[in-house]
Each structure stands twice: as structure tokens, then as C-alpha cells.
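Every number in the numbering used here is 220 more than the matching position in the sequence shown, counting from 1. Contents: one structure, followed by commentary.
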Amino acid sequence: MSRASVVVVGGGISGLAAAWELSGGETGPNESTPRVEVIEASERFGGSLATTNFAGRTIDLGADGFLARRPEAVALVRELGLGEELEAIDSSGAWLWSRGDLHELPKGLVLGVPTDLQAILHFKGLSWKARLAARRDVLSPKRMLIGDDATVGEIVHTKLGRELSYQFIEPMIGGIQAGRIDELSAKSVFPALFDAAKKGGSLMKALRPPSPLNAGTKGDSATSDPVFYSLRGGAGSLPSELATRLQGRGVVLRHGVSVNALRRTPAGDYPWEVDTLTTTTPANAVILATPAPVVGALLGSLDPAIDELRQIESAGAAMVTFAVTDDKISLPPHGTGILVPLKTPWAGEGSMMVTAVTFLDRKWPHLRRDRDVLLRAHVGRSDDSRWLELTDEELTHRVRSELEILLPHFAEPSESLVQRWPLGLPQYVVGHEERVQRARGASAKFSVALAGNAYDGVGIPASIGSGRRAAREVLEMMSHEVRTD
Ligand SMILES: Cc1cc2nc3c(=O)[nH]c(=O)nc-3n(C[C@H](O)[C@H](O)[C@H](O)COP(=O)(O)OP(=O)(O)OC[C@H]3O[C@@H](n4cnc5c(N)ncnc54)[C@H](O)[C@@H]3O)c2cc1C
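Given below as C-alpha cells:
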């Protein structure tokens with residue numbers, strides 16, 4: 221019998237993780253390992269993970285860290301023998317721009333939702349009315365009826381009021397997803413919030429970390445363990461390391477070629493043919509690790525549930541990074557950055573475009589140097605694409621003007637760099653989970669598995685987990701095919 225063959229379409233971190241699992245995962249290939257081919261449309265592997273040289277360092281251009289408490293990314297790093305390269309994020313807190321000033325975020329936040337009543341009551345970045353809304357949630361929580369899903373906004377707005385929701389919680393949750401809390405599905409992006417709201421009672425009490433030992437640290441951190449990790453060579457070094465190791469295992473890696481059709485071939489050893497402009501690869505199973513709309517375009521004609529994936533929209537974002545000598549800027553005494561609520565007024569027309577500022581070389585120790593600092597300003601949300609209309613020069617100028625308001629003495633950066641991510645992050649709107657389940661069920665009937673940030677969570681760990689899960693699914697499907705032959 222011919223050797224089994226699996227094609228992975230898309231060489232972002234989820235596609236590469238799928239190929240790692242298909243080629244034996246931690247233990248490596250054996251006699252039953254299929255032939256694996258990864259086909260990536262762009263000129264490099266890694267998708268939203270990439271590095272570049274800037275101001276004498278290697279910096280990340282996209283994602284720059286991964287959640288420590290989700291196991292998938294840390295496990296993969298260790299399997300690759302890169303455990304020594306893990307670097308913990310600085311945990312000295314963060315700031316919120318509110319009421320025309322910087323305010324240090326209080327302790328006890330869980331994805332932006334306060335859980336420590338005393339801390340939020342003393343937080344001067346909110347009006348007394350907003351702080352009393354938090355008190356009311358603890359003492360006399362509002363009732364609400366929740367169906368199969370709800371937006372994050374509906375829940376926090378009802379339970380905690382408008383100001384806390386939009387000036388405080390949205391900058392954090394919305395920042396991670398590049399979306400709006402009034403659109404995002406609580407069940408998909410914040411299941412603990414959804415469960416708490418469904419249970420009824422106080423949201424703040426329900427989200428409180430279980431043990432008193434866990435209280436007392438800053439920001440979202442509930443314990444003294446690192447919340448995020450990166451790698452000393454940047455999070456973007458992970459796909460390059462992975463690609464090198466996959467090559468060593470005999471995985472075929474192709475980049476700069478787009479998959480433009482998948483054809484079913486019911487007769488013969490291989491049920492699928494995967495086409496690029498110049499090649500056809502036969503396959504027993506296919507893993508689609510591309511953005512969801514690409515899956516809809518390639519396979520939508522097979523089943524309406526797959527076609528529906530075209531409707532998963534993405535929010536674009538851009539980041540402008542600056543190097544500034546330390547005599548030309550003054551930063552808050554500690555902390556890794558500033559969150560800026562949407563619709564924040566500024567000196568010019570319209571609202572501020574900057575949604576967050578990261579003090580990159582505070583956040584990641586490997587980027588620290590004497591004499592200069594690295595700042596990164598983030599712009600863009602699902603409903604704010606003003607950055608798309610500006611040239612790099614105009615965007616840099618606009619962001620600089622806003623930074624001059626947010627940070628005292630900011631002037632004359634020595635270097636700057638604009639990075640745009642037009643496809644950015646998929647938006648998990650209400651009903652997302654069911655949509656994904658339907659599409660997965662329909663694809664599995666054709667020996668196709670779906671992987672990537674559109675399905676199981678947008679972060680790096682979720683994307684890695686999704687790739688490995690898809691690989692296990694197709695290995696399982698193929699083992700049944702062999703048994704029934
Ligand atoms: C600006 C930004 C910052 C982020 N920051 C963080 C962070 O700090 N921490 C975190 O955990 N997550 C972060 N994320 C999210 C995380 O980086 C991504 O969710 C994750 O990397 C997605 O991986 P993926 O493989 O699913 O998708 P992608 O990286 O999008 O990869 C999909 C690949 O498919 C390829 N492709 C598309 N069509 C075809 C085709 N027809 N044929 C072949 N190939 C095709 C694309 O070229 C692409 O390389 C960030 C994302 C962005 C955009």
C-alpha cells in the first residue's frame with residue numbers, strides 16, 4: 221500500500237504545530253508516520269509571528285509573547301529543547317489613560333474585570349459613580365437572563381455599568397481581540413465571565429481567584445508565576461526553529477506558493493489532490509490552517525456549514541515602534557505600558573487612534589539596552605480602520621502627536637517602524653462556537669481538519685493547540701481508513 225500523505229495548507233504557527241504532531245510530536249517519526257507537506261502562500265513561515273532587526277535588537281513584528289498558564293506553547297518550546305530560551309514578562313503592572321492622566325491599574329483584575337472591591341474603590345481613574353457600580357455588584361448584584369450566548373458588553377454593561385465597561389474593561393479584552401466588547405461572544409472569548417453571569421449573583425465575586433494566597437499582585441496576575449513568556453530571540457523565533465526541526469524530520473516545507481484548489485478524487489489511493497499553480501499533491505487527508513475565509517473559498521462548495529466560515533471577519537491592526545534616547549522621554553516609574561480607551565479625545569480632530577502603548581524593553585528583559593528605550597503604539601480595532609487610510613509617514617506622525625500627550629517629554633525618536641497586519645485577528649462574535657462546531661463536523665466527513673486562530677482561541681497557545689488537535693484528528697481518521705480497508 222502507498223505511504224499515507226497529509227497536506228497542511230498554511231505555514232503559520234498552527235500549521236507548523238500540526239506538522240510537528242503529524243511527524244511524531246515529542247517522540248519523532250516512526251514507521252507509520254505519513255508523508256507531510258506544508259504549503260505556505262507567503263515568502264516565510266510563521267504568519268503573525270515574525271521578527272526583524274530594529275535599533276540594534278531583534279524585535280517581534282507581530283505577537284511577542286504567549287500566556288504561561290495555557291500549556292500548549294510552553295510545552296512545544298520545551299519539546300523543541302528551547303526551555304532555556306523562555307523569558308518571563310516583567311510583571312510591574314500597567315497604566316490606564318483616563319480623565320486626562322495616567323492611573324496605575326489596580327490589583328485583582330481578571331481580563332480587565334475587577335475582583336478586588338477595595339482596590340477599585342480607591343482607583344482614581346474612574347468616576348465615583350463607576351466605582352459605586354462595582355460596589356453595587358458585590359453587595360446587591362443586578363439580575364440578568366442569559367441565553368445560549370451573550371456579548372461580553374451585554375454582561376459587563378448590565379452588571380457593572382457603562383463607564384467600567386467601556387473605559388476600563390474594554391481596553392483590556394478588546395485589546396487582546398482587537399474587537400469591541402459589544403460584538404465579542406462571552407462564551408468564546410471569556411467563558412468564565414459567561415459562566416459567572418449565567419450562575420447569577422456578583423460578577424466580581426464569581427471571578428475572584430479561589431485562594432486568598434492568590435490575591436495581592438498587580439494587573440491581571442493572580443499569582444507570582446509569570447503571566448506571559450517570550451523567547452530570548454523573540455516569540456517570532458519559534459516558527460523558524462520549528463521549521464528547521466520539521467525539515468530535519470523529512471517534512472516537505474514549501475513557501476511562496478498558494479494553494480488554489482482542493483479536488484476530491486474518489487477513485488485511487490488518495491481521496492484528495494491539493495493544487496498550487498504549478499503542482500498537484502495527492503493526500504489522504506488535509507489540514508487547513510489558513511484564515512477561515514480561505515477555507516470557505518477552497519471548500520465551501522462541499523457543505524454550507526463550511527461555506528459559512530467566509531463570514532468570520534478579522535480586525536486589522538498596526539503597530540508603530542520607536543527607539544528614543546532616554547533623555548528624550550519620561551516614562552512612569554514602573555509598568556510595561558498604557559491602555560487607552562476607545563473614543564478618547566485628544567488635541568486634534570476625532571478621537572485618539574492609539575489604543576495601547578507598550579514599553580517594549582521594560583516588558584522583555586532581552587530588549588533592554590543602556591541609553592535608549594523602545595516604545596510601541598498599537599492602533600486599530602474591528603470598527604476603527606483609520607490607519608488604513610494613512611501612509612506610513614502620516615501614521616507615524618499621527619501616533620507621535622498622540623504619544624506627546626500620553627507621555628511627557630516624548631520627542632525626536634531616533635528610529636521608527638510601521639508594521640501593518642490587515643487581517644489581524646478573527647472576531648469571535650455571538651454564535652461563534654456553534655458555527656465552528658458545524659464546520660468541523662462537515663469537514664471531518666471529507667477527511668479535512670481545521671486549525672488556526674479562528675476556532676479555538678486567538679492566542680499563540682490556542683493556535684498551537686488547534687494545530688496539534690487537527691493533526692491528531694486526521695491521524696485518527698486515517699487509522700480508521702486503514703482498518704476498514
Ligand atoms: C498584531 C498581532 C499581535 C498579536 N499578539 C499576540 C500576542 O502577543 N500573544 C498571543 O498569544 N497572540 C498574539 N496574536 C495572535 C497570534 O499571533 C495568532 O493568532 C497566531 O499566530 C495565528 O496563527 P495561525 O497559524 O492560526 O494563523 P496565521 O499566522 O494567520 O497563519 C496562516 C497562514 O496561512 C497562509 N495562507 C493563507 N492562505 C493560504 C493559501 N491559499 N495557501 C497557502 N497558505 C495560505 C498565510 O500566508 C499565513 O501564513 C497577535 C496577532 C496579531 C495580528
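Here a beta-carbon is modelled for each residue, glycine too, at the ideal position from N, C-alpha and C. Note that the structure is predicted; figures quoted are calculated from it, not measured.
Residue i Cβ short of 8 Å to ligand 1 heavy atom set
{"i": "W641", "result": "yes"}
{"i": "S268", "result": "yes"}
{"i": "N723", "result": "Since the first residue of the chain shown is 221 and the last is 705, residue 723 is not available in this structure."}
{"i": "L473", "result": "no"}
{"i": "V409", "result": "no"}
{"i": "T510", "result": "yes"}
{"i": "G685", "result": "no"}
{"i": "N250", "result": "no"}
{"i": "G539", "result": "As written in the sequence, residue 539 is Met, which differs from the Gly given in the question. Correct: M539 has its Cβ closer than 8 Å to ligand 1."}
{"i": "F286", "result": "yes"}
{"i": "G644", "result": "yes"}
{"i": "I259", "result": "yes"}
{"i": "V229", "result": "yes"}
{"i": "G282", "result": "yes"}
{"i": "V477", "result": "yes"}
{"i": "V678", "result": "yes"}
{"i": "I233", "result": "yes"}
{"i": "G672", "result": "yes"}
{"i": "L300", "result": "no"}
{"i": "V706", "result": "Residue coverage of the chain in this structure runs from 221 to 705, which leaves residue 706 outside it and unanswerable."}
Euclidean distance between Cα positions of residue i and residue j
{"i": "T545", "j": "V258", "result": "43 Å"}
{"i": "Y386", "j": "L562", "result": "8 Å"}
{"i": "V471", "j": "T499", "result": "17 Å"}
{"i": "F666", "j": "N273", "result": "43 Å"}
{"i": "T496", "j": "V514", "result": "14 Å"}
{"i": "E701", "j": "I507", "result": "17 Å"}
{"i": "A509", "j": "K349", "result": "47 Å"}
{"i": "D440", "j": "L331", "result": "Unreliable placement is indicated for D440, whose pLDDT of 45 sits below 50; the coordinate value is still reported in the next sentence. Approximately 6 Å between the Cα atoms of the pair."}
{"i": "S686", "j": "V228", "result": "13 Å"}
{"i": "K438", "j": "S478", "result": "Here the model assigns K438 a pLDDT of 44, short of 50, so the residue's position is not dependable, and the following value carries that caveat. Going from the Cα of K438 to the Cα of S478 covers about 45 Å."}
Selected residue, minimal CA-CA separation from residue i, among the options
{"i": "V372", "options": "A690, Y648, A674 and Q657", "result": "Y648"}
{"i": "L645", "options": "G568, L287 and G672", "result": "G672"}
{"i": "T556", "options": "V376, L587, S521 and G679", "result": "L587"}
{"i": "A172", "options": "V506, I507 and L529", "result": "The chain is shown from 221 up to 705; residue 172 falls before or after that span and cannot be answered."}
{"i": "P565", "options": "A426, S621, E614 and E701", "result": "S621"}
{"i": "L329", "options": "P254, G285, P429 and L302", "result": "P429"}
{"i": "A487", "options": "A503, D495 and A416", "result": "A503"}
{"i": "G394", "options": "R255, G536, A525 and V226", "result": "G536"}
{"i": "R483", "options": "S602, K418, I396 and A505", "result": "A505"}
{"i": "G677", "options": "L341, D368, A406 and R277", "result": "A406"}
{"i": "A416", "options": "A288, L427 and D523", "result": "L427"}
{"i": "G235", "options": "L306, V297, L670 and M697", "result": "L670"}
{"i": "R655", "options": "L580, I526 and A567", "result": "I526"}
{"i": "V650", "options": "R688, I401, E696 and G520", "result": "I401"}
{"i": "G267", "options": "I233, R640 and N250", "result": "I233"}
{"i": "D368", "options": "H652, P681 and R319", "result": "H652"}
Range of the contiguous alpha helix (DSSP H) that encloses residue i
{"i": "E614", "result": "D612 to L626"}
{"i": "W348", "result": "W348 to L359"}
{"i": "S629", "result": "This sequence places His at residue 629; Ser is not what is there. From DSSP, H629 is part of no alpha helix (DSSP H); its letter is neither H nor E."}
Within-9 Å CB hit, residue i to chain D
{"i": "S360", "result": "Absent from the structure is chain D; it holds one protein chain and no more."}
Bounding residues of the beta strand (DSSP E) (the contiguous stretch that carries residue i)
{"i": "W317", "result": "W315 to S318"}
{"i": "V226", "result": "S225 to V229"}
{"i": "I507", "result": "A505 to L508"}
{"i": "A481", "result": "A481 to R484"}
{"i": "S636", "result": "E635 to P646"}
Integer Cβ distance of residue i from residue j, believed to fall under 8 Å
{"i": "A576", "j": "H598", "result": "4 Å"}
{"i": "G421", "j": "P361", "result": "5 Å"}
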